[in-house]
Amino acid sequence: MAPPTLTITLPPNQLHSSAKTLMGLPLELREQIWRHVLVTPAKYHLKHASDCHYRHNHARPTSIEPAACMVSEPNVEIAEPKIYPWDESTHCRCAKRTGLNLLLASKQVNHEAAPLFWTKNEFVFETSDQFTICVGARLRKEYRGMLRAVYIGSCSPLETERCTTWNLFSNEATPEPMQRWCQFWGVLNQCRGLRRLAVRPEVVKRHTTDMRRLDRTMPSLERLELTHVERYLGRSTAFERDWGCFRACGGIQRDVVFVRAEMPVEIRGEGVDLSQNGCRELYRRFTTNFCVYVNTIVRKRFLVPSDTDGDDGRIDFRAPGGIAEGLDDLRDQWKVDLPTGDTTRLTFMGVPQSRRTRIALARERMARDVARQGAGLPRIGEEKAVEEVARRREQRSDAETCEDLHHRERVLEGRRLKAVERIKTERREKKAEKQEVRRAMEQARELRRAERKRVVKVEEIKVEEIEVREDVEEVAGEEQEEPVWKAKIKPMRPAKKSETKGGKRKGGRRKGDWEDAKESWREAWDVESENPGLEDEC
15 MAPPTLTITL
25 PPNQLHSSAK
35 TLMGLPLELR
45 EQIWRHVLVT
55 PAKYHLKHAS
65 DCHYRHNHAR
75 PTSIEPAACM
85 VSEPNVEIAE
95 PKIYPWDEST
105 HCRCAKRTGL
115 NLLLASKQVN
125 HEAAPLFWTK
135 NEFVFETSDQ
145 FTICVGARLR
155 KEYRGMLRAV
165 YIGSCSPLET
175 ERCTTWNLFS
185 NEATPEPMQR
195 WCQFWGVLNQ
205 CRGLRRLAVR
215 PEVVKRHTTD
225 MRRLDRTMPS
235 LERLELTHVE
245 RYLGRSTAFE
255 RDWGCFRACG
265 GIQRDVVFVR
275 AEMPVEIRGE
285 GVDLSQNGCR
295 ELYRRFTTNF
305 CVYVNTIVRK
315 RFLVPSDTDG
325 DDGRIDFRAP
335 GGIAEGLDDL
345 RDQWKVDLPT
355 GDTTRLTFMG
365 VPQSRRTRIA
375 LARERMARDV
385 ARQGAGLPRI
395 GEEKAVEEVA
405 RRREQRSDAE
415 TCEDLHHRER
425 VLEGRRLKAV
435 ERIKTERREK
445 KAEKQEVRRA
455 MEQARELRRA
465 ERKRVVKVEE
475 IKVEEIEVRE
485 DVEEVAGEEQ
495 EEPVWKAKIK
505 PMRPAKKSET
515 KGGKRKGGRR
525 KGDWEDAKES
535 WREAWDVESE
545 NPGLEDEC
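So, in structure tokens, the structure goes:
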């Protein structure tokens with residue numbers, strides 16, 4: 015008889031430490047897991063994913079597959095150089111780091127995995143401004159000292175400006191310009207744990223003081239490199255405008271090849287001269303010797319210009335021999351010897367696909383199509399064709415809708431213009447009528463004024479004639495020798511009425527007539543009183 019048994023199930027929080035869980039594994043195994051998840055190659059070494067649209071649609075063996083780091087979405091939006099909105103559709107995420115969500119799993123995971131992520135990875139930045147924003151404004155201060163490898167290299171020439179009026183930390187404009195590299199060095203000096211640093215040559219030329227202090231600010235620095243990134247444009251980009259930023263180039267997908275090279279610089283030991291003259295000589299040797307040698311070797315051995323190429327430096331990648339044989343995605347790094355006796359490594363970013371890669375992609379695509387057909391789904395090509403047809407139908411519908419809207423807007427605009435023109439015409443007609451009425455009123459007023467002046471003048475002439483006649487008669491009467499008592503008293507004649515200017519009336523005798531009449535009456539009365547019988551005799 016078997017002994018009785020009892021099975022007890024423990025909750026997850028009471029499991030033994032030797033249970034098969036992730037956090038139950040030894041620390042060494044967990045660190046290996048963190049390393050495989052978080053530590054990846056540098057961004058300029060990453061390739062496109064098998065399902066990326068840049069990986070397919072290569073109609074020719076010489077069709078260039080762009081570098082994943084050159085078409086990746088930018089980490090930050092920098093005022094200079096500005097990323098234009100029409101470049102967003104050309105981006106992909108193949109060069110983005112994956113697995114970073116692991117750092118958010120728990121505090122213990124973050125405490126164990128974060129040092130591996132910051133110390134074992136090489137962080138690549140396109141510009142010094144991008145480094146200043148990402149490391150100085152976004153990264154915690156305790157993580158800045160964990161950085162071990164930083165690479166700053168870009169073919170954009172905008173960083174050659176000395177001063178800037180943009181504060182990268184506050185993302186605001188400053189009232190006074192500041193040195194462009196001061197913000198960069200302020201952040202770089204906080205990364206005291208760096209062991210490999212690659213920067214642009216302008217750092218050596220313009221900041222000799224900070225260069226001399228590298229051995230003290232970064233005691234662990236083992237290698238300093240000056241970076242050179244050159245781009246070689248194809249003939250199809252001859253008529254495209256250069257916006258200053260290489261991401262604004264429309265042909266970056268298929269017609270641009272980038273070449274990267276580094277020149278090591280000794281910062282410790284005997285014979286190292288990092289004074290102002292020494293830094294200028296280092297800058298001159300890098301720009302006039304190293305860069306020229308690299309450009310010459312690339313054009314003679316790898317990107318051979320054809321006979322039809324002009325002096326613009328553009329290369330016909332489609333012509334036979336435009337790209338050297340053997341330069342493909344399987345071998346994009348080459349060691350070359352310079353005329354100075356030094357050896358450097360050239361890394362080509364943006365090269366054609368090899369025959370083996372094209373065959374592998376075709377087989378993979380066929381396998382996916384067979385699997386989809388077995389599941390009753392359309393093939394990838396058919397699905398893309400259906401999507402393209404739907405997209406074009408939608409575009410056509412949108413275009414028709416826009417055309418209808420535009421037609422309606424044009425009709426409404428025509429009606430509005432006609433109404434405005436009609437209103438303007440009515441206003442002009444009313445204004446003309448008012449001017450005509452005003453002109454007629456002015457003419458009538460002038461006629462009435464002239465008529466009044468003529469009437470007044472005629473009346474004045476008549477009055478003067480009457481006065482002259484009366485004066486003559488009066489003088490003639492005075493000349494007659496008659497007795498005073500026989501003098502006849504002149505009756506008073508009523509005053510003459512006449513119109514004057516302004517319509518007022520005035521009348522009465524001429525000045526002096528009334529006094530003469532009173533004097534005549536007074537003399538006649540005196541004579542009669544002195545001769546009382548004179549009336550009877552008469």
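All the letters of the sequence shown, read from the start, carry residue numbers 15 to 552 under the numbering used here.
Cβ coordinates follow ideal geometry from the N, Cα and C atoms, glycine included.
Name the two residues that bound the continuous beta strand (DSSP E) containing Pro129.
-> Sequence index remark: in the sequence shown, residue 129 carries index 115 (1-based). Per DSSP, Pro129 belongs to no beta strand (DSSP E); it is in the alpha helix (DSSP H), 121 to 134.
Stretch pair the region 338 to 356 + the region 303 to 311: three plus CB contacts closer than 8 Å = yes
Answer yes or no: do Arg406 and Arg328 have a C-beta to C-beta separation smaller than 8 Å?
-> Numbered from its first residue, the sequence shown carries residue 406 at position 392. Numbered from its first residue, the sequence shown carries residue 328 at position 314. It is not a contact, given that the beta carbons lie outside the stated cut-off.
Between the Cα of Val270 and the Cα atoms of Leu461, Gly336, Arg468, Ile78, which residue gives the shortest distance?
-> Locating residue 270 in the sequence shown gives position 256, where the first residue counts as 1. The residue with the shortest Cα to Cα distance from Val270 is Ile78.
Residue closest to Trp132, alpha-carbon to alpha-carbon, out of Asp65, Glu190, Val53 = Reading the sequence shown from its first residue, position 118 is the one you call residue 132. The shortest Cα separation from Trp132 among Asp65, Glu190, Val53 belongs to Val53.
Within its chain, find whatever has a CB closer than 7 Å to the CB of Leu341; leave out the 5 residues flanking it on each side and keep chain order.
-> Start at 1 with the first residue of the sequence shown, and residue 341 comes out as number 327. Cβ neighbours of Leu341 beyond the five flanking positions: Phe316, Phe362, Val365.
Going by the beta-carbon positions, is the gap between Ile373 and Asp383 smaller than 8 Å?
-> Here residue 373 corresponds to residue number 359 of the sequence shown, with the count starting at 1. Here residue 383 corresponds to residue number 369 of the sequence shown, with the count starting at 1. For Ile373 and Asp383, no; Cβs fall outside 8 Å.
For Arg282 and Leu208, the rounded distance between their alpha carbons = Against the sequence shown, residue 208 aligns to sequence position 194. Against the sequence shown, residue 282 aligns to sequence position 268. Those two C-alpha atoms are separated by around 15 Å.
Cβ neighbours of Val286 in the same chain (closer than 6 Å, five flanking residues each side left out) | For the purposes of this step, residue 286 is taken as residue 272 along the sequence shown, with counting starting at 1. Hits under 6 Å: Glu280.
Whole-angstrom Cβ separation of Leu360 and Ala275, contact assumed at under 8 Å?
-> Taking the first residue of the sequence shown as 1, we reach residue 360 at position 346. Taking the first residue of the sequence shown as 1, we reach residue 275 at position 261. About 6 Å separates the two Cβ atoms, so the contact holds.
Report all residues from its chain with a CB closer than 8 Å to the CB of Thr21; omit the five preceding and five following residues, and keep chain order.
-> As a first step, residue 21 is located in the sequence shown; it is residue number 7 there, counting from the start. So the list is empty, once near-sequence residues are dropped.
Span of the beta strand (DSSP E) around Lys349 = By one-based count along the sequence shown, residue 349 stands at place 335. That run of the beta strand (DSSP E) goes 347 to 351.
With C-beta atoms as the reference, is Ala127 less than 8 Å away from Leu117?
-> By 1-based counting over the sequence shown, the position of residue 127 is 113. By 1-based counting over the sequence shown, the position of residue 117 is 103. For Ala127 and Leu117, yes; Cβs fall inside 8 Å.
With burial defined as no fewer than 16 other Cβ atoms inside 10 Å of the residue's Cβ, what is the status of Leu114: buried or exposed?
-> Counting from 1 along the sequence shown, the entry for residue 114 is found at position 100. Classification for Leu114: exposed.
Indicate the three-state DSSP secondary structure (helix, strand or coil) for Gln193 in the structure shown.
-> What you label residue 193 is simply residue 179 of the sequence shown in a count that begins at 1. Gln193: strand per DSSP, three-state reduction.
So what's Ile329 in DSSP terms, helix, strand or just coil?
-> If you number the sequence shown from 1, residue 329 lands on position 315. Of the three classes helix, strand and coil, the one that applies to Ile329 here is strand, per DSSP.
For Ile480, the residue or residues it bridges with in DSSP = Looking up residue 480 in the sequence shown gives position 466. Ile480 pairs with nothing; no bridge assigned.
Where Glu440 falls, given that 16 or more other Cβ within 10 Å makes a residue buried = Residue mapping note: residue 440 aligns to position 426 of the sequence shown, counting from 1. Classification of Glu440: exposed, given that the 10 Å Cβ count is below 16.
Under three-state DSSP, which class holds Gly248?
-> For this step, residue 248 is matched to residue 234 along the sequence shown. Here Gly248 sits in strand by DSSP.
Determine the DSSP secondary structure at Arg459, reduced to helix, strand or coil.
-> Mapped onto the sequence shown, residue 459 falls at position 445. If DSSP states are grouped into helix, strand and coil, Arg459 belongs with the helices.
Go through its chain and collect everything with a Cβ distance to Phe205's Cβ below 8 Å, but skip five positions before and after it.
-> For the purposes of this step, residue 205 is identified with residue 191 of the sequence shown, where counting begins at 1. The sequence shown places Cys at residue 205, not Phe. So the qualifying residues of the chain are Val149, Arg158, Gly159, Leu161, Val164, Met232.
Alpha-carbon spacing of Val472 relative to Glu456, whole angstroms = Residue mapping note: residue 472 aligns to position 458 of the sequence shown, counting from 1. Residue mapping note: residue 456 aligns to position 442 of the sequence shown, counting from 1. Looking at the two C-alpha atoms, the distance is approximately 25 Å.
To the nearest angstrom, how far is it from the Cα of Gln197 to the Cα of Thr146?
-> Here residue 197 refers to the residue found at position 183 of the sequence shown. Here residue 146 refers to the residue found at position 132 of the sequence shown. Those two C-alpha atoms are separated by around 7 Å.
CA-to-CA distance, Lys398 to Thr415, given in whole angstroms | Mapped onto the sequence shown, residue 415 falls at position 401. Mapped onto the sequence shown, residue 398 falls at position 384. Their backbone Cα atoms lie some 25 Å apart in a straight line.
Please confirm whether Ala109 and Leu153 have their CB atoms less than 8 Å apart.
-> Here residue 109 refers to the residue found at position 95 when the sequence shown is read from its first residue. Here residue 153 refers to the residue found at position 139 when the sequence shown is read from its first residue. Not a contact, by the Cβ cut-off of 8 Å.
Note down, in chain order, each residue of its chain lying with its Cβ closer than 7 Å to the Cβ of Pro129, except the 5 sequence neighbours on either side.
-> What you label residue 129 is simply residue 115 of the sequence shown in a count that begins at 1. Hits under 7 Å: Met160.
Which value, in whole angstroms, describes the spacing of the CA atoms of Asp330 and His62?
-> Mapped onto the sequence shown, residue 330 falls at position 316. Mapped onto the sequence shown, residue 62 falls at position 48. C-alpha separation (whole angstroms): 24 Å.
Continuous beta strand (DSSP E) assignments of at least 3 residues falling wholly in the region 44 to 77 | none
For Gln367, the nearest candidate out of Glu401, Ala151, His70 (CA to CA) | As a working mapping, residue 367 is identified with position 353 in the sequence shown. Gln367 has its Cα closest to that of His70, out of Glu401, Ala151, His70.
Taking C-beta to C-beta, are Val138 and Ala56 nearer than 8 Å?
-> As a working mapping, residue 138 is identified with position 124 in the sequence shown. As a working mapping, residue 56 is identified with position 42 in the sequence shown. Against a cut-off of 8 Å, the Cβ pair of Ala56 and Val138 comes out as a contact.
Whole angstroms is fine: what's the gap from Thr23's alpha carbon to Thr35's?
-> For this step, residue 23 is matched to residue 9 along the sequence shown. For this step, residue 35 is matched to residue 21 along the sequence shown. Those two C-alpha atoms are separated by around 17 Å.
Which residues DSSP lists as bridging Thr13, in chain order | Outside the displayed range of the chain (15 to 552) lies residue 13, so it cannot be described from this structure.
What is the DSSP secondary structure of Glu140, reduced to helix, strand or coil?
-> For the purposes of this step, residue 140 is taken as the residue at position 126 of the sequence shown. Coil.
Could you spell out the range, first to last residue, of the beta strand (DSSP E) harbouring Val312?
-> Within the sequence shown, the letter at position 298 stands for residue 312. Counting along the chain, Val312 falls outside any beta strand (DSSP E), and DSSP gives it neither H nor E.
Through-space distance from Glu190 to Gly200, alpha-carbon basis | Position 186 of the sequence shown, counting from 1, holds the residue named residue 200. Position 176 of the sequence shown, counting from 1, holds the residue named residue 190. When rounded, the distance between both Cα atoms is 19 Å.
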